[in-house]
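Residue numbers (my numbering): 864 to 1053.
Idealized CB from N, CA, C, for every residue including glycine.
Here the structure is a predicted model, which means the values were calculated and not measured.
Since the structure comes first, as structure tokens, the remarks are kept for the end.
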């Protein structure tokens, strides 16, 4: 059986406030809000377009939670969300109370990422995919000036570049040009 991620679970001192933030920030949908047998408020959300389930709950009865940690650390460090306009999303999320930690950072593949501190000191990543049809490495190569080797301009090349227009008269002129080029080429080799 293939394994897939079932959900992400966030702990919060105010689960509804946190859930509402994700609804406003990323279009999450609140699917249920209940108090579980553990004594904690438990809110089930889903990300936009059915991407992933996100559960948000408070502390269980008798449970003491440590602080959140939006800095880089071992273990589950952050979760990433797609963005089509990373600059605009950063400004929008900062307006909702998020704090930019780093970025946007340009990646080698042409994509861009940024890290923010979300509610309850959660580390979030915005991921903007590279534009389709653009290969950044190819673009860099294309911008570099190419060194061109000097090639001798032969009589045959002169004859081809000075080719008269097509058509009945053009054909006869091309034949004469080729003959002249062959004669010139033959005399160059002697």
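Using the Cβ count rule (16 or more neighbours within 10 Å means buried), how would you classify residue i?
i            : result
residue 1012 : With a pLDDT of 49 at residue 1012, under the threshold of 50, the modelled position of this residue cannot be trusted; read the value that follows with caution. Exposed, because fewer than 16 other Cβ atoms sit within 10 Å of the Cβ of residue 1012.
residue 983  : buried
residue 952  : buried
residue 874  : buried
residue 939  : exposed
residue 882  : buried
residue 928  : exposed
residue 1038 : exposed
Return helix, strand or coil for residue i, following the three-state DSSP convention.
i            : result
residue 880  : helix
residue 1060 : In the structure as shown, the chain begins at 864 and stops at 1053. Residue 1060 is therefore absent and cannot be evaluated.
residue 914  : coil
residue 869  : coil
residue 980  : strand
residue 972  : coil
residue 958  : helix
residue 951  : helix
residue 864  : coil
residue 994  : coil
residue 942  : strand
residue 886  : helix
residue 899  : coil
residue 963  : strand
residue 904  : strand
residue 923  : coil
residue 1013 : Note that residue 1013 scores a pLDDT of 48, beneath 50, so its modelled location is shaky; the value from the coordinates is reported in the next line. Residue 1013 falls in the coil class under three-state DSSP.
Among the options, whose alpha-carbon lies nearest the alpha-carbon of residue i?
i           : options               : result
residue 868 : 977, 898 and 915      : 915
residue 986 : 931, 924 and 865      : 931
residue 967 : 976, 957 and 927      : 976
residue 902 : 922, 972 and 949      : 922
residue 934 : 1040, 988 and 1044    : 988
residue 898 : 940, 1045 and 879     : 879
residue 941 : 877, 864, 964 and 924 : 964
residue 913 : 926, 944 and 949      : 944
Measure how close the beta-carbons of residue i and residue j come, nearest whole angstrom, since I'm counting them as under 8 Å.
i           : j           : result
residue 991 : residue 979 : Going by Cβ atoms, the distance from residue 991 to residue 979 rounds to 13 Å, so no, they are not a contact pair.
Do residue i and residue j have their C-beta atoms closer together than 9 Å?
i           : j           : result
residue 892 : residue 909 : yes
residue 870 : residue 917 : yes
residue 955 : residue 888 : yes
residue 884 : residue 981 : yes
residue 904 : residue 895 : no
residue 973 : residue 994 : yes
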